[in-house]
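Enquirer: As given, the protein sequences belong to chains A, B, C, D, E and F, one line each in that order.
Every position in the first sequence, counted from 1, becomes a number in the numbering used here once 822 is added.
Every position in the second sequence, counted from 1, becomes a number in the numbering used here once 822 is added.
Every position in the third sequence, counted from 1, becomes a number in the numbering used here once 822 is added.
Every position in the fourth sequence, counted from 1, becomes a number in the numbering used here once 22 is added.
Every position in the fifth sequence, counted from 1, becomes a number in the numbering used here once 22 is added.
Every position in the sixth sequence, counted from 1, becomes a number in the numbering used here once 22 is added.
Glycine is no exception: its CB is placed at the ideal position from the N, C-alpha and C atoms.
Structure incoming, see below.
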Amino acid sequence: MKIVMAIIKPFKLEEVRDALTGIGVHGLTVTEVKGYGRQKGHTEIYRGAEYAVNFLPKLKIEVAVAADLVKKVIAAISGAAKTGQIGDGKIFVYPIEHAVRIRTGETDADAL
Amino acid sequence: MKIVMAIIKPFKLEEVRDALTGIGVHGLTVTEVKGYGRQKGHTEIYRGAEYAVNFLPKLKIEVAVAADLVKKVIAAISGAAKTGQIGDGKIFVYPIEHAVRIRTGETDADAL
Amino acid sequence: MKIVMAIIKPFKLEEVRDALTGIGVHGLTVTEVKGYGRQKGHTEIYRGAEYAVNFLPKLKIEVAVAADLVKKVIAAISGAAKTGQIGDGKIFVYPIEHAVRIRTGETDADAL
Amino acid sequence: MTSRNLRAGLPALIAAMLAAVPAFAQDEPKLDTGDTAWMLTSTVLVLAMTIPGLALFYGGMVRKKNVLATVMQSFAVTCLMSVLWFLVAYSIAFDENPSEGLNAYFGGFGKALFGGVNMESLTGTIPEWVFATFQMTFAIITPALILGAIAERMKFSAVLWFTGLWLIFVYAPICHWVWGGGFLGGAGVLDFAGGTVVHINSGIAALVACLILGPRKGYGTTSMAPHNLTFSLIGASLLWVGWFGFNAGSAAAANALAGVAMANTQVATAAAALTWMFAEWIVIKKPSLLGILSGAIAGLVAITPAAGFVAPSGALVIGIVAGVGCYLASVHIKKALKYDDSLDVFGIHGVGGIIGALLTGAFASSMVNAEAAEGASVATQFYGIIATIIYCAIASAIILFIIKAVIGLRPTAAEEEEGLDIVLHGESVQ
Amino acid sequence: MTSRNLRAGLPALIAAMLAAVPAFAQDEPKLDTGDTAWMLTSTVLVLAMTIPGLALFYGGMVRKKNVLATVMQSFAVTCLMSVLWFLVAYSIAFDENPSEGLNAYFGGFGKALFGGVNMESLTGTIPEWVFATFQMTFAIITPALILGAIAERMKFSAVLWFTGLWLIFVYAPICHWVWGGGFLGGAGVLDFAGGTVVHINSGIAALVACLILGPRKGYGTTSMAPHNLTFSLIGASLLWVGWFGFNAGSAAAANALAGVAMANTQVATAAAALTWMFAEWIVIKKPSLLGILSGAIAGLVAITPAAGFVAPSGALVIGIVAGVGCYLASVHIKKALKYDDSLDVFGIHGVGGIIGALLTGAFASSMVNAEAAEGASVATQFYGIIATIIYCAIASAIILFIIKAVIGLRPTAAEEEEGLDIVLHGESVQ
Amino acid sequence: MTSRNLRAGLPALIAAMLAAVPAFAQDEPKLDTGDTAWMLTSTVLVLAMTIPGLALFYGGMVRKKNVLATVMQSFAVTCLMSVLWFLVAYSIAFDENPSEGLNAYFGGFGKALFGGVNMESLTGTIPEWVFATFQMTFAIITPALILGAIAERMKFSAVLWFTGLWLIFVYAPICHWVWGGGFLGGAGVLDFAGGTVVHINSGIAALVACLILGPRKGYGTTSMAPHNLTFSLIGASLLWVGWFGFNAGSAAAANALAGVAMANTQVATAAAALTWMFAEWIVIKKPSLLGILSGAIAGLVAITPAAGFVAPSGALVIGIVAGVGCYLASVHIKKALKYDDSLDVFGIHGVGGIIGALLTGAFASSMVNAEAAEGASVATQFYGIIATIIYCAIASAIILFIIKAVIGLRPTAAEEEEGLDIVLHGESVQ
Ligand SMILES: Nc1ncnc2c1ncn2[C@@H]1O[C@H](COP(=O)(O)OP(=O)(O)O)[C@@H](O)[C@H]1O
Ligand SMILES: Nc1ncnc2c1ncn2[C@@H]1O[C@H](COP(=O)(O)OP(=O)(O)O)[C@@H](O)[C@H]1O
Ligand SMILES: Nc1ncnc2c1ncn2[C@@H]1O[C@H](COP(=O)(O)OP(=O)(O)O)[C@@H](O)[C@H]1O
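What follows is the structure in structure tokens.
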């Protein structure tokens, strides 16, 4: 099992979710984050005091899936989240050793 | 060392923390997240415009522990976070290679 | 490739980012989290009702880097985030298997 | 002075009007534009106490998941009470009952739908349109105040039924007793601006309601900390500001009586706020915003019956006593007795109202108000308090039990957990 | 009664003034401090309707990324209209045009920069300074209302140009037509406090503007849920509270007419709010805060032209009809026609204004207002509505097309996506 | 006209009163209900300027961790000043000192605890109760204004000690100098509504205070961006709205003088707001909400001394000059000099007050106000400014150094870092 973690632009969330449900993935967890990267931020000025806002609003999506689905998940997210503009985000994949569904105690693949 | 990451219902936080301190785990990090899964959301309607709110408020808990504690941690979280209702959440476990306590520079098990 | 994940005090963010850009790391993702650990919280009292606030505001920083950079990244973060006071936070390192840049489809080291 | 009779609850209003006839024999009652200007303004101010004042004071103190439901209660009650006051409650409160015996307890129906009010009708020196609308704003805020006690756990439909029935069967009659020609006014009970009619009344109904509903799910174990006291600061400030319409407006004229009521209100409120703040500072070592706001409301409540009867030094004492008394009731006594009056309506309005009513008897001065001389006695005030408490408690309980039986009072535990905003209104704050 | 002439739009103002001369022959017009006190207060109240009232009502309904831009529009429009009113628009609206023929359509320039207003000038029984400033607050809120229709998608520079030109070429003339001696007032169109001048006018301009700008990017597909209805609650409440300055202030005196206008306003507003709420409760099974707030505004709008002409039972009916009518227009008809009037300015102010103007014709009563007898007719009202709609729609469209051609109306799609707060003003809410 | 003497600071109040005797010989002073209605209303409006107005204006500009502490300062100062004004400060400001020599500088103690004020006392045509309470609201807002300069870094206990002592030793005497019969009024300094007494005074004290406290920890390096300018919008709007009580209320009557003061206030404020906005638009390419709000306050401040002395075209110029001047002071000069006046109290109130006081000398017109003719001179105004600055700066510094020595002024650096809400008040916003 893997977790596919993606950083995306906030307004792409619905499209990404639709793409995932389209390939049969029906669970995910979303976190509001701030990202720093190539995409540059903006400056706010309050009565002459300038504050550079370098961290831009992004969403982090975490999807736990069976290892064999990872490719499809990456493709689905990439496809849906892509605007071609700088700042579209990243996808990272890392392994998980266990998964448990709290309600039932089911584990691993059954837990997803 | 492992990180046990759990998605739980928000109002279960205190019970989960108590369960963890009960087994001697005294550190954790909590993030407000939104979850999508079997539990269905609700619809908000503003002057006729319907917005389906599919993402429900959840908390993500991350606990770094020595490998031999993982089972107990899973049991503690499962026990405390369970309501038996759909949407109770998941637990995922993944390995970490290093841990450092910033204040002292202690590493690995000593860092926790 | 690894992800270096650090929990730090919120007001240390700018220093940490500077330290990282100082060693050539130009991307990171930040999440507002609440931490529980040795550092104790405070109590709020509203008309006699006491609420212990045990979870303190922290920031979680996630930096994906090539494996050979991990040491430098840990050093940079540790150096910048350290106050010597309790609650300075932790650094955890875990492996990632893939990385993708959504905009271009570049993978792994090129994606960062 | 005549205008004060209307509100000072001295003899019956009717008596006052009869009594006034000779005085006006040569001198027909005439509209005074200055008095009318102030009463138009006062009406606006008292309306602002409820929306947005009370709505925000309460809304800031609840959890974020219930804020819209809480402010909506104040708003919907404002609308419902306005219509009911026009349809029937004004008449019950201020019309003379054709049966003299019944008139002690309940007004007539001649003024239903503002019947008989026309472009020439005056009440004192102001148009009756203004008087009726000014009184409407009192009839709005009183039931709205109660809802602080059951915040975060009452069905919206039950809120509407409860406040609607309560207006007709509790507020309007008690208003008639004190200000409309009923037996309490006749007995010499002094209530300048509504210590008994508004505050004791709502405070007692609040206590009854929170006992019948039971505590919020999780009360005492989960955090119910106020989600945003900035809103409560706005609300408490607007309550204070609007309260000048309430208290100085109850002079029903732009004169020295309105002036002294304003000065008293300011002094008592400030004193009570500081007192609560310092009490808390001593006990828990930190002066809190919620504390000073609560103290201010306690002072406003306690000075209400006294505002046009006492001198500012009396107001200072009333403020200090109310600050300590309501602090103890809301913080320490409630904790000991373990009932869940969510936003301390009983501790502040009930207890503050009783303190104010009693001290009005003690401090009323004929130097300030000629009628104080005849009427002022702690015993008479006590009589008014007891009569109000007994009737209000019983009638409120009956109404609530009927609603409970017919449609139920509370949402399910799961709904309460999820939050009333989403569950009852399908809306949320982002 | 004279004072009412000023606003009731009966014959022309000039006619009224001439007519008044004989009446005053022995009895020189004199300042009345009570009337002046109320009109000073009313001016304050109407200003508070726009800032912070309207600013918050609108600000709470937009997405968080646009809240500062939205409230800033109300604030900047307040400033710009104040200066323009002083410089020229007051004169266009209320000065007599030396050319009698032109005077039916457009005032003169004699009162530019408040020329000729001095310490002795009276309008009725109040100083002209007060009258001119009171009217200024109407000239502020009318263009500000329009901006709800184009919320979240108009350039700030375009907003300033549009509202500035619109004040001079649309508001001031139409104000002159109805209240300033122009042809609509002369024809007997009744508009007590601005149903036609303010609400139909802004509602129509809003519809034109949102059609010309086109829908927000993502309209119908992405969530545009209100970010914080607590702010809208404050805003709607302050609009309600301030509206007493609008409606009761339009009596231009502290008298029974002001009193009945206040009572009517309260009854109609409450009725409309409850009606919208219950309609929604029936249709979508949940009564929403946004619904009851919208209904209240609909009621306030609809009672505006009628406030000083009808009795409270008429107000009740007007409120109920406005509640249903504006609900249908804002929710169901808009959905069917698919235009993006972001905050339903047309559905509430346009439709509510038309309902109110027509029903004023139906319910105006000579028992309340002697002039109603002469003027009241649904047909005359209809004439006023049509004239206003046609001129306002055409003139508003021309202004918008010119601005579009010269500087453009909208930010880029990417800017709209990022949010106007950051893009246009360099600020954000944390 | 008499009423204006009370505030226009012409000769000494005492002189005015003596002078008035002959005028009143046949014509005994009499309560006017219209004037009283307006002054009751004005009192309410000025109170609303501080709570919730100023509280929110300041609260929105600080960081989220300090918002409750900031609004609490305004609220607690309101309470403390109210009690102190009643106890002693009203007397110092407005009682005649039995020693004629001392009376130039400091009032007597005969009116302590509102001694001698009774149901017959009049000040001009209004009850002295109303006058004393109206003045109380000025005594509330002046020290509250100062606290913007030390926002986010002063101990709450020190705030209470500082403002309490400052009221008695700085505000009350200077108020006496200008309006209470002291030497500045006697010298012909014109200050219609408090440009010198309120704004220069608080602006200078603010500058002194922020220099003595030193900058906030992290000033210039970490972000101190306003956490929620929506609150500041509400606050600035309520300041504007309430300022009509301040300026038009300073006519102490409902007459043409109040009317022109209202018109001037509106024109100057709007002009200053637009000026600041356009200045910023030119310099940093974006018009900001904080900018336009700041400009509006600058305009309100600058027109304060002039409101009842100048014509609207003078007001327009005053507004424009204040807009530019305060913009430069708050943005560019502060940046150059590097002091940390957190919310620009000096830049807006100090500089705006000085601009207004000087331009009052330049634009005062006897067509508007008969007394302007005698008194108006830039040199006299300059004298008043200098006297106020010197005394205020020295006395404020002494008070602050004493408090610093005895209890300390600032929390620890760690506490400041954590935020004052939690540390000082044990509360937080969610
Ligand atoms: N090395 C990294 N580690 C973690 N997150 C990163 C890293 N680099 C970028 N990100 C995240 O990805 C987002 C997009 O990256 P950016 O460089 O701006 O654009 P792009 O991915 O299109 O090149 C950033 O805002 C940040 O949240
Ligand atoms: N595949 C997944 N990857 C990541 N998070 C998931 C996944 N599936 C579910 N979740 C998280 O777990 C929460 C609960 O899941 P849900 O399916 O609603 O209920 P249950 O776990 O009781 O079956 C979701 O709200 C989401 O946050
Ligand atoms: N076992 C753990 N797992 C995950 N996060 C932890 C753990 N222990 C501590 N943390 C995080 O690190 C933060 C600092 O830890 P704390 O024990 O308070 O101080 P220190 O690291 O200086 O000893 C905590 O607030 C929490 O967010």
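Less than 8 angstroms between the CB atoms is what I'm expecting for Lys882 (chain A) and Thr926 (chain C), so what's the real figure, rounded?
Expert: Mapped onto the first sequence, residue 882 (chain A) falls at position 60. Mapped onto the third sequence, residue 926 (chain C) falls at position 104. Contact flag wrong, Cβ pair sits at about 20 angstroms.
Enquirer: Return the residue from the list E:Leu76, E:Phe97, E:Asp57 that minimises the CA-CA distance to Ser310 (chain F).
Expert: Sequence index remark: in the sixth sequence, residue 310 (chain F) carries index 288 (1-based). Of the listed residues, the one whose Cα sits closest to Ser310 (chain F) is E:Phe97.
Enquirer: Please compile the residues from chain C whose C-beta is within a distance smaller than 8 angstroms of the C-beta of Phe833 (chain A).
Expert: Here residue 833 (chain A) refers to the residue found at position 11 when the first sequence is read from its first residue. Under the 8 angstroms cutoff, chain C gives no residues; its nearest Cβ is about 14 angstroms from Phe833 (chain A).
Enquirer: What are the boundary residues of the alpha helix (DSSP H) that includes Tyr349 (chain D)?
Expert: On the fourth sequence, position 327 is the one that residue 349 (chain D) refers to. Where Tyr349 (chain D) is concerned, the enclosing alpha helix (DSSP H) stretches over 334-349.
Enquirer: Expressed to the nearest angstrom, what Euclidean distance is found between the alpha-carbon atoms of Asp443 (chain E) and Met299 (chain F)?
Expert: Within the fifth sequence, residue 443 (chain E) is the residue found at index 421, counting from 1. Within the sixth sequence, residue 299 (chain F) is the residue found at index 277, counting from 1. Cα to Cα, Asp443 (chain E) sits roughly 15 angstroms from Met299 (chain F).
Enquirer: Along the segment 334-355 of chain F, what residues have a CB closer than 7 angstroms to any CB found in chain H?
Expert: Among the protein chains of the structure shown, namely A, B, C, D, E and F, there is no chain H.
Enquirer: Check each candidate in F:Gly225, F:Ile411, F:Thr326 and name the one with the smallest Cα separation from Leu365 (chain F).
Expert: Along the sixth sequence, one-based indexing puts residue 365 (chain F) at 343. Leu365 (chain F) has its Cα closest to that of F:Gly225, out of F:Gly225, F:Ile411, F:Thr326.
Enquirer: State yes or no: is the C-beta of Ile829 (chain C) nearer than 6 angstroms to some heavy atom of ligand 3?
Expert: By 1-based counting over the third sequence, the position of residue 829 (chain C) is 7. Because some heavy atom of ligand 3 lies under 6 angstroms away, the Cβ of Ile829 (chain C) counts as near it: yes.
Enquirer: In whole angstroms, what separates the C-alpha of Trp60 (chain D) from that of Trp199 (chain D)?
Expert: Here residue 60 (chain D) refers to the residue found at position 38 when the fourth sequence is read from its first residue. Here residue 199 (chain D) refers to the residue found at position 177 when the fourth sequence is read from its first residue. Trp60 (chain D) and Trp199 (chain D): Cα-Cα distance of roughly 26 angstroms.
Enquirer: Using a threshold of 7 angstroms, state whether the C-beta atoms of Val367 (chain E) and Ala173 (chain E) are closer than that.
Expert: The residue given as residue 367 (chain E) occupies position 345 in the fifth sequence. The residue given as residue 173 (chain E) occupies position 151 in the fifth sequence. Not a contact, by the Cβ cut-off of 7 angstroms.
Enquirer: Could you name the residues of the same chain whose beta carbon sits closer than 8 angstroms to that of Glu50 (chain E), not counting the 5 residues immediately before and after it, in chain order?
Expert: The residue given as residue 50 (chain E) occupies position 28 in the fifth sequence. Nothing meets the Cβ criterion.
Enquirer: Just reading off the alpha helix (DSSP H) that Arg839 (chain C) is part of, what are its end residues?
Expert: As a working note, residue 839 (chain C) is residue 17 in the third sequence. Taken as a continuous stretch (DSSP letters only), the alpha helix (DSSP H) holding Arg839 (chain C) covers 835-844.
Enquirer: Would you call Ser272 (chain D) buried or exposed, if buried means 16 or more other Cβ atoms sit within 10 Å of its Cβ?
Expert: Residue mapping note: residue 272 (chain D) aligns to position 250 of the fourth sequence, counting from 1. It is buried - the Cβ of Ser272 (chain D) has at least 16 other Cβ atoms within 10 Å.
Enquirer: Between Val139 (chain E) and the rest of its own chain, which residues show a CB-CB distance below 8 angstroms, the 5 nearest in sequence each way excluded?
Expert: As a working note, residue 139 (chain E) is residue 117 in the fifth sequence. Here the set comprises Lys133, Glu150, Trp151, Ala154.
Enquirer: If we call anything under 7 angstroms between Cβ atoms a contact, is Ala278 (chain F) one with Met141 (chain E)?
Expert: Taking the first residue of the sixth sequence as 1, we reach residue 278 (chain F) at position 256. Taking the first residue of the fifth sequence as 1, we reach residue 141 (chain E) at position 119. It is a contact, given that the beta carbons lie within the stated cut-off.
Enquirer: Does the beta-carbon distance from His864 (chain A) to Val855 (chain A) come in below 7 angstroms?
Expert: One-based indexing of the first sequence puts residue 864 (chain A) at position 42. One-based indexing of the first sequence puts residue 855 (chain A) at position 33. Their beta carbons are not under 7 angstroms apart, which means His864 (chain A) does not touch Val855 (chain A) by this criterion.
Enquirer: Would you give the residue range spanned by the alpha helix (DSSP H) that Met94 (chain D) belongs to?
Expert: Walking along the fourth sequence from the start, residue 94 (chain D) turns up at place 72. Element bounds for Met94 (chain D): 89-106.
Enquirer: Return the CA-CA distance between Val105 (chain F) and Gly186 (chain D), expressed in angstroms with no decimal places.
Expert: Taking the first residue of the sixth sequence as position 1, residue 105 (chain F) is located at position 83. Taking the first residue of the fourth sequence as position 1, residue 186 (chain D) is located at position 164. When rounded, the distance between both Cα atoms is 40 angstroms.
Enquirer: How would you label Ser352 (chain D), buried or exposed, when you count the other beta carbons within 10 angstroms and need 16 or more for buried?
Expert: As a first step, residue 352 (chain D) must be located in the fourth sequence, where it is residue number 330. The residue in question, Ser352 (chain D), is buried, as its Cβ has 16 or more Cβ neighbours within 10 Å.
Enquirer: Starting from the N-terminal end, write out each residue whose C-beta falls within a distance shorter than 6 angstroms of any non-hydrogen atom of ligand 2.
Expert: Taken from the N-terminal end onward, the list reads A:Gly849, A:Leu850, A:Thr851, A:Glu884, A:Val885, A:Ala886, A:Arg923, A:Arg925, A:Leu934, B:Ile829, B:Gly857, B:Tyr858, B:Gly859, B:Arg860, B:Gln861, B:Leu878, B:Lys880, B:Ile908, B:Gly909, B:Asp910, B:Gly911, B:Lys912.
Enquirer: Quick one: residues in its chain with C-beta nearer than 8 angstroms to the C-beta of Gln48 (chain D), no 5 flanking neighbours on either side, listed in chain order?
Expert: For the purposes of this step, residue 48 (chain D) is taken as residue 26 along the fourth sequence, with counting starting at 1. Confidence in Gln48 (chain D) is poor, its pLDDT being 49 and thus under 50, which makes the residue's placement too unreliable to answer from.
Enquirer: Does any C-beta atom of chain D lie closer than 7 angstroms to the C-beta of Phe46 (chain E)?
Expert: Here residue 46 (chain E) is taken as the residue at index 24 of the fifth sequence, counted from 1. Unreliable placement is indicated for Phe46 (chain E), whose pLDDT of 42 sits below 50; no coordinate value is reported for it.
Enquirer: If you measure from the beta carbon of Val43 (chain F) to each beta carbon in chain D, is any gap under 7 angstroms?
Expert: Reading the sixth sequence from its first residue, position 21 is the one you call residue 43 (chain F). The predicted position of Val43 (chain F) is uncertain, since its pLDDT is 40 and thus under 50; no value can be drawn from it.
Enquirer: Tell me where the alpha helix (DSSP H) around Ala70 (chain E) begins and ends.
Expert: Walking along the fifth sequence from the start, residue 70 (chain E) turns up at place 48. 55-70 is the span of the alpha helix (DSSP H), which, as asked, contains Ala70 (chain E).
Enquirer: Taking the alpha-carbon positions, what's the Leu315 (chain D) to Met83 (chain D) distance?
Expert: Sequence index remark: in the fourth sequence, residue 315 (chain D) carries index 293 (1-based). Sequence index remark: in the fourth sequence, residue 83 (chain D) carries index 61 (1-based). Roughly 11 angstroms between the two C-alpha positions.
Enquirer: Is Ala333 (chain D) near ligand 4, with its Cβ less than 6 angstroms from a heavy atom?
Expert: By its list of ligands, the structure shown excludes ligand 4, since it contains just ligand 1, ligand 2 and ligand 3.
Enquirer: Given that a residue counts as buried once 16 or more other Cβ atoms are within 10 Å of its Cβ, and exposed if not, what is Phe423 (chain F)?
Expert: For the purposes of this step, residue 423 (chain F) is taken as residue 401 along the sixth sequence, with counting starting at 1. Phe423 (chain F) comes out exposed.
Enquirer: Taking only the alpha-carbon atoms, compute the straight-line gap between Ala436 (chain F) and Ser254 (chain E) and give it to the nearest angstrom.
Expert: What you label residue 436 (chain F) is simply residue 414 of the sixth sequence in a count that begins at 1. What you label residue 254 (chain E) is simply residue 232 of the fifth sequence in a count that begins at 1. Using only the alpha carbons, I get a separation of about 38 angstroms.
Enquirer: Tell me whether Ala34 (chain E) sits in a helix, a strand or coil according to DSSP, three-state version.
Expert: Translated into the one-based positions of the fifth sequence, residue 34 (chain E) becomes position 12. Interpretation of Ala34 (chain E) is limited by its pLDDT of 33, a score under 50 that renders its predicted location unreliable; the figure taken from the coordinates is listed afterwards. Reduced to three states, the DSSP call for Ala34 (chain E) is coil.
Enquirer: Suppose the cutoff is 8 angstroms on Cβ atoms and the five residues either side in sequence are ignored; what does the same chain contact list for Gly217 (chain F) look like?
Expert: Counting from 1 along the sixth sequence, the entry for residue 217 (chain F) is found at position 195. Closer than 8 angstroms at the Cβ level, and outside the excluded window around Gly217 (chain F), lie Val323, Ala324, Thr326, Pro327, Ala328, Gly375, Gly378, Ala379, Thr382.
Enquirer: First and last residue of the alpha helix (DSSP H) that includes Leu422 (chain D)?
Expert: Position 400 of the fourth sequence, counted from the start, is the residue given in the question as residue 422 (chain D). Taken as a continuous stretch (DSSP letters only), the alpha helix (DSSP H) holding Leu422 (chain D) covers 400-428.
Enquirer: What is the DSSP secondary structure of Gly146 (chain D), counted as helix, strand or coil?
Expert: Taking the first residue of the fourth sequence as position 1, residue 146 (chain D) is located at position 124. Coil.
Enquirer: What are the start and end residues of each continuous alpha helix (DSSP H) run of 4 or more residues lying completely inside the segment 165-238 of chain F, in chain order?
Expert: 178-188, 194-201, 205-208, 223-235
Enquirer: If you compare alpha carbons, which of D:Cys101, D:Gly321, D:Val339 is closest to Leu69 (chain D)?
Expert: For the purposes of this step, residue 69 (chain D) is identified with residue 47 of the fourth sequence, where counting begins at 1. The shortest Cα separation from Leu69 (chain D) among D:Cys101, D:Gly321, D:Val339 belongs to D:Cys101.
Enquirer: Is there contact here, the segment 282-292 of chain E with the segment 333-342 of chain E, by at least three beta-carbon pairs under 8 angstroms?
Expert: Cβ pair count under 8 angstroms is three or more, so yes.
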